[in-house]
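Below is one structure; the comments refer to it alone.
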Amino acid sequence: MTPGRQGLRGATLPRAMEPLFTPEQLAEIKAYHLPHYIRGAVSPLISLGTFALIIGVLLQPFYRGAQGCAAWLSHRFARLRTAPVLRVVVSALDKMWGEPGWGTAILFALFVDLFIELLYSPANIYFGYVLEHRYGMSNYTPLRYALDTFKGLALEATASSMLVLGLYGLARRVKRWWLVLGVPSALLLLGASVLDPYRSQIYFQQAPLEQGPLRERITSLMARAEVPFQDIRVEKTSVESKRLQAYFAGMGPTRTIVLNDIMLRELTPEEIVAAVAHESGHVHESKWPGRIASSFALVAFLFAIDRLLRLAAARGWFGTTRFADIRTLPLLWLLAFLVFTLSAPVSAVFSREREREADRYALHLTQDPAAFRRMLVKAARVNKMDPEPPRWIVLKGYSHPPIGERLAAVPPTP
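The sequence shown runs 106 to 519 under the working numbering.
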């Protein structure tokens, strides 16, 4: 046991601090997290089983169903293909795909997506709605939850359609498609964070932080940190959740400091400044090596997909009749799942170290360890953070060090 700390069954703070949780609170937090830990243990096996079911049993029925639906829609709405605007769109899609048949490909991808969503919907509803309400962590109404779920499904369907038309369409027409797609995609990945301030607004309303002492203090802090920013905004996440949250979105001219409305309600100005100081530490991280490595990894991943598609075509897997047959899509998803699952522990190690460095940066910037400690304690209590999660959970992919570890690293207040 670390000197100056008690076991977190009672407290994991310096002796001068009160216990982080009462025994009753800790028992509730453990009960809240237990289903998540069980899910974390079994979800990889469930995912593998789902892929096996799709690839081994359902792939051909889905494909035949997509063919039938595409033929029916083509016949039912044949007149629309000659409409002035749609005619141009259909012609462009035919060229992008390389031949007619893109409708079957899109429908096949959507059928697989829909099946996975339906299969996982009981667990998603339980973890995203039932469990959160049971432990007082959610403000979702059934209607709001259904609306946000629909938004997520619509975005996912759009992404799947773009993937089918972009990746498969290009692969069917260009020999070194993985390079043609990979290089601009890697460049887009490097600059994608510019769009960050606008993504969350799909789900939550934002408004500028009102003029006053808090805005002035944050502005002064960012001047000392030499972090330029466009605005400080308040995100109304209380319609969904009761959790505290702060983050920086965007970069350069689009960088925005975002505080959620729960944070303004639960924390003092000094504690909010401490949280913003932590986030400003991430701005000074050396991001380019990671971004460049991610870009190279993306190109390498697309090359691996190319090899897999060629192997499937050569051996006629799933009844494929040519290179880049859409029936190989579940195989690509399986490859992506394996890559992300196996790489998550490694990327999490670097993420936790970045969080530790951001904590150290914030403490140096503010020179107020007491406020930083209070901020962490309140965040732990409001967000129901498990102070001692199982070690395997941390190693599996925890992006932040456990809250007990972070508190133990804060210097004691004289």
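Virtual Cβ for every residue (Gly too), placed ideally from N, Cα, C.
Chain D contact for residue i (CB, 9 Å cutoff)
| i | result |
| --- | --- |
| R320 | Here there is only one protein chain, and chain D is not present. |
Alpha-carbon to alpha-carbon, residue j and residue i
| i | j | result |
| --- | --- | --- |
| L439 | P506 | 29 Å |
| I337 | G206 | 48 Å |
| P517 | L163 | 60 Å |
| I367 | Q306 | 17 Å |
| A514 | A484 | 16 Å |
| H238 | L131 | 18 Å |
| G112 | Y137 | For G112, the predicted structure reports a pLDDT of 39, less than 50, and the residue's modelled location is therefore unreliable. A value from the coordinates is still provided. Whole-angstrom Cα-Cα distance: 20 Å. |
| P172 | T209 | It should be pointed out that residue 172 corresponds to Gln in this sequence rather than to Pro. One C-alpha to the other measures close to 5 Å. |
| F156 | G257 | 21 Å |
| A197 | G274 | 11 Å |
| P166 | F255 | 26 Å |
| V279 | L224 | 36 Å |
| E331 | K341 | 28 Å |
| W177 | R184 | 13 Å |
| S504 | D253 | 25 Å |
| P124 | G509 | 11 Å |
| E375 | A476 | 6 Å |
| F423 | L158 | 13 Å |
| S448 | R478 | 32 Å |
C-beta atoms of residue i and residue j nearer than 9 Å
| i | j | result |
| --- | --- | --- |
| L153 | F442 | yes |
| L372 | Q350 | no |
| F406 | V444 | yes |
| L434 | V269 | yes |
| R465 | V378 | no |
| I410 | L260 | no |
| L314 | V339 | yes |
| Y231 | S346 | no |
8 Å CB neighbourhood of residue i in its chain, flanking five on each side removed
| i | result |
| --- | --- |
| A402 | none |
| Y142 | P494, P495, I498 |
| L470 | L326, R329, A330, A382, S385, G386 |
| L481 | I508, R511, L512, V515 |
Residues that DSSP places opposite residue i in a beta bridge
| i | result |
| --- | --- |
| V339 | A312, L364 |
| S152 | Beta-bridge pairing links S152 to no other residue. |
| S179 | DSSP, once it has assigned bridges, lists no residue as partnering S179. |
| S346 | S243 |
Cβ neighbours of residue i in the same chain (closer than 7 Å, five flanking residues each side left out)
| i | result |
| --- | --- |
| A453 | G502, Y503, S504 |
| C174 | L212 |
| P358 | Q335 |
| T446 | P149 |
Neighbourhood of residue i by C-beta distance below 6 Å, restricted to the same chain and skipping five residues each side
| i | result |
| --- | --- |
| D370 | According to the sequence shown, residue 370 is Arg rather than Asp. Nothing listed; no residue qualifies. |
| A463 | H383, G386, H387 |
| M106 | Unreliable positioning characterises M106 in this predicted model, as indicated by a pLDDT of 30, which lies under 50. The coordinate reading is nonetheless provided below. For M106, where only same-chain residues beyond five positions count, there are no Cβ hits under 6 Å. |
Just list the alpha helix (DSSP H) runs in the region 348-412, keeping only unbroken ones of 4 residues or longer that don't cross its boundaries, in chain order. 366-371, 374-388
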